[in-house]
Amino acid sequence: MKRKELIEQGILALESGDADSALDLFRKAQADGDFSTEVESLIAESLEALGKLQEAVISLQKVVNVDSADIDARYALGDLLFELGQFDEARDVYQGIVDNAPDEADALVSIGLLHFHQEEIDAAVASYEKALQLSPDSTFALNSLGDALFSRGEVERALSTFQAVIDLDPQDPQAHYNLAEMYYDNEELDNAESSCLQALKCDPAFAYAYLTLGNLYLDMDQADKALHNFQEFLRYENSLAAEDIRAEVAAVIDGLKQELKL
């Protein structure tokens, strides 16, 4: 089978959820000729789908070493390092994007997310605001800024920031979910429920909306609805970073099943 056919079949396998077959096909394609950054990126994507994140990092590093201008590969590499908790390495990758392409607002947002994750809220806000100077309509930057403002106690400004996202893109599930989290934190359960449902209307696979709904229905003593939403969370959230929360949710599900005698 020729390299082109191997790649085409690999892409189909990956799109159908058969990452094992995709990986095998892409590796055969890579072996059939000179090194291809396109194929190596597909290998990395397959490895990521299989949860082999460190191996995916190695593949993406090969791509970046060969083609330093491949911004998509750089973002993918930074995101994987972030997920693996290798924050300094991730920051170096994102900063490298900014150094080579100063108008890349998303890289600034990603740097801000690293700050936010490490509870450096003021530094996160500064990164988000710098990104918005470059791209005022960036929903990625606005959603991230709203999160940071809320964590800093600037509730009204956070609310207006999330609303600005919805004004720009009414189908943005993240903004609706962020509003839901604000409402839930303020014990406005009806509004929290409505915003979660709107997020899921925009994206039925938005895992964390199910998680918030599960918690919300627990608070409302609606165990059957809570169980359903926790199960949906486990169905859609499979990332390595969510292992601890998945274990907690699984334990809650077991308790609910006992309560409901299922």
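Under our numbering, the letters of the sequence shown match residues 13 to 274, in that order. Where is the CB? At the ideal position from N, CA and C, for every residue including glycine.
According to the neighbour-count rule (16 or more other Cβ atoms, all chains shown, within 10 Å of its Cβ), is residue i buried or exposed?
{"i": "residue 226", "result": "buried"}
{"i": "residue 35", "result": "buried"}
{"i": "residue 167", "result": "exposed"}
{"i": "residue 241", "result": "buried"}
{"i": "residue 112", "result": "exposed"}
{"i": "residue 22", "result": "buried"}
{"i": "residue 9", "result": "Here the chain comprises residues numbered 13 to 274, so residue 9 is not present and cannot be evaluated."}
In whole angstroms, give me the CA-to-CA distance for residue i and residue j.
{"i": "residue 106", "j": "residue 86", "result": "8 Å"}
{"i": "residue 144", "j": "residue 175", "result": "16 Å"}
{"i": "residue 98", "j": "residue 91", "result": "10 Å"}
{"i": "residue 210", "j": "residue 124", "result": "27 Å"}
{"i": "residue 212", "j": "residue 18", "result": "36 Å"}
{"i": "residue 128", "j": "residue 135", "result": "8 Å"}
{"i": "residue 74", "j": "residue 253", "result": "24 Å"}
{"i": "residue 65", "j": "residue 132", "result": "26 Å"}
{"i": "residue 185", "j": "residue 245", "result": "15 Å"}
{"i": "residue 190", "j": "residue 161", "result": "12 Å"}
{"i": "residue 224", "j": "residue 273", "result": "23 Å"}
{"i": "residue 69", "j": "residue 249", "result": "21 Å"}
{"i": "residue 172", "j": "residue 121", "result": "19 Å"}
{"i": "residue 236", "j": "residue 267", "result": "12 Å"}
{"i": "residue 72", "j": "residue 20", "result": "20 Å"}
{"i": "residue 58", "j": "residue 153", "result": "28 Å"}
{"i": "residue 196", "j": "residue 203", "result": "8 Å"}
Could you have a look at residue i and say whether DSSP puts it in helix, strand or coil?
{"i": "residue 149", "result": "coil"}
{"i": "residue 86", "result": "helix"}
{"i": "residue 96", "result": "coil"}
{"i": "residue 62", "result": "coil"}
{"i": "residue 103", "result": "helix"}
{"i": "residue 14", "result": "coil"}
{"i": "residue 128", "result": "helix"}
Within the 9 Å Cβ cut-off, does residue i reach chain C?
{"i": "residue 58", "result": "Looking at the structure shown, chain C is missing, and only one protein chain is on hand."}
Next item on the list: Taking only runs that begin and end inside the stretch 236 to 273, name each unbroken beta strand (DSSP E) of 3 or more residues, in chain order.
Entry: Under the rule that a run must span 3 or more residues, no beta strand (DSSP E) segment is found entirely inside the stretch 236 to 273.
Next item on the list: Kindly provide the ranges of any alpha helix (DSSP H) runs that are 4 or more residues long and lie completely inside the stretch 188 to 234, ordered along the chain.
Entry: Counting whole runs of 4 or more residues, the stretch 188 to 234 contains the alpha helix (DSSP H) stretches 201 to 214 and 219 to 231.
Note to self: Within 8 Å, do at least three Cβ pairs link the stretch 116 to 131 to the stretch 70 to 81?
What the structure shows: no
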